[in-house]
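**Q** If you read the protein sequences in the order shown, they are chains F and C.
No gaps in the numbering here: position 12 of the first sequence is 19 in my numbering, and each next residue is one more.
No gaps in the numbering here: position 70 of the second sequence is 77 in my numbering, and each next residue is one more.
Number of protein chains: 2
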Amino acid sequence: MKSLKKRSLESKGWKVGSAREFLNLSDEEVAYVELKLALSKNLQEYRREKKLTQEELARRLKSSQSRIAKMEAGDPSVSLDLLVRSLLALGASRKHLAQMLS
Amino acid sequence: MKSLKKRSLESKGWKVGSAREFLNLSDEEVAYVELKLALSKNLQEYRREKKLTQEELARRLKSSQSRIAKMEAGDPSVSLDLLVRSLLALGASRKHLAQMLS
DNA sequence: ATATGATATGTCATTTTTGACATAGAGTCA
DNA sequence: TGACTCTATGTCAAAAATGACATATCATAT
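1) For the segment 68-82 of chain F and the segment 68-84 of chain C, state whether three or more C-beta atom pairs, one from each stretch, are separated by less than 8 angstroms.
2) What are the start and end residues of the alpha helix (DSSP H) that includes F/V37?
3) For chain F, find out if any of its Cβ atoms is closer than 8 angstroms to the Cβ of C/Y53; answer yes or no.
4) Less than 8 angstroms between the CB atoms is what I'm expecting for F/S47 and F/G81, so what's the real figure, rounded?
5) Compare the C-alpha of F/K57 against each of F/L94, F/V40 and F/R74 and name the closest.
6) Listing by chain order, which chain F residues have their CB less than 8 angstroms from the CB of C/V91?
7) Measure the beta-carbon distance from C/L97 to C/R54 and round it to whole angstroms, keeping in mind my assumption that it falls under 8 angstroms.
8) Taking only three categories from DSSP, how would you classify F/S71?
9) Would you kindly report the start and end of the unbroken alpha helix (DSSP H) that includes C/D88?
10) Do F/S86 and C/D88 have their C-beta atoms closer together than 8 angstroms?
11) Nearest to C/Q61 by alpha carbon, out of C/I75, C/S100, C/Q106 and C/M107?
12) With 16 as the cutoff for other CB atoms within 10 Å, does F/K43 come out buried or exposed?
13) What separation, rounded to the nearest whole angstrom, lies between the Cα atoms of C/M78 and C/L104?
14) Which residue comes first and which comes last in the alpha helix (DSSP H) that contains C/L104?
15) Kindly give me the distance between the Cβ atoms of F/M107 and F/A45, rounded to whole angstroms, as I take these residues to be in contact under 8 angstroms.
16) Can you pull the chain C neighbours of F/S109, defined as C-beta to C-beta under 7 angstroms?
17) Can a CB atom of chain C be found closer than 8 angstroms to the CB of F/L95?
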């Protein structure tokens, strides 16, 4: 694992395999976190494209503005589930999601 | 929404927008569920390709055999997070995940 | 300057997801 | 037959994610 990337993730509050379990699963953990961050980024772009405020999107999802903000900020407390459901609520298709990944 | 598809999802124990909220958000909900089911399917194939038992995969993930079984069965109690982490643990790349979606 | 609208951040009780466990089915082999 | 391996299914306490709320920050317009 690249120390640099790890450092940058930790700075956002993520726990990236802390010191002792520094091998094996770490790569997958990092891939997972990066995947979520990629979706976060796309979520914000998507929402702005649609000219929606966080509050409006929250209402559609029956969620809350603060949760949307945390999602877009890449907060570790938000699940992939919510990210994906948000993107779908914004009209993203599975094809779109696929493009965000690759 | 196609009644047929809805019926088939409900039969697996999924709650697909029950009767009154039969419009609007339903499509996204269905897309979300189908997405999970697609990953479930791929998970089982992937695991078998790798010649791993559910228990072995569970150990890698620090999860349990029963959870893996539920994932592969498309049980509504499992999150996208766990599905994706499982696929990553099996060596799937983001590109692979993308292909599963599109 | 200050009011207004959007976004960020922290906290917390409630809900959902989790791993663990028990146990049941289903297949194979001696 | 029974022993063995793998998978399915149900339950539940513990852990994680959630929406709601308060409040802070940051523009930008008046």
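The beta-carbon is built from N, C-alpha and C at its ideal position, and this holds for glycine as well.
If you're wondering where the values come from, they're calculated on a predicted model, not measured in any experiment.
**A** Per the coordinate set shown:
1) no
2) S33 to E56
3) no
4) 5 angstroms
5) F/L94
6) Y39, L42 and L87
7) 6 angstroms
8) coil
9) L87 to A96
10) yes
11) C/I75
12) buried
13) 16 angstroms
14) R101 to L108
15) 6 angstroms
16) R101, K102 and A105
17) yes
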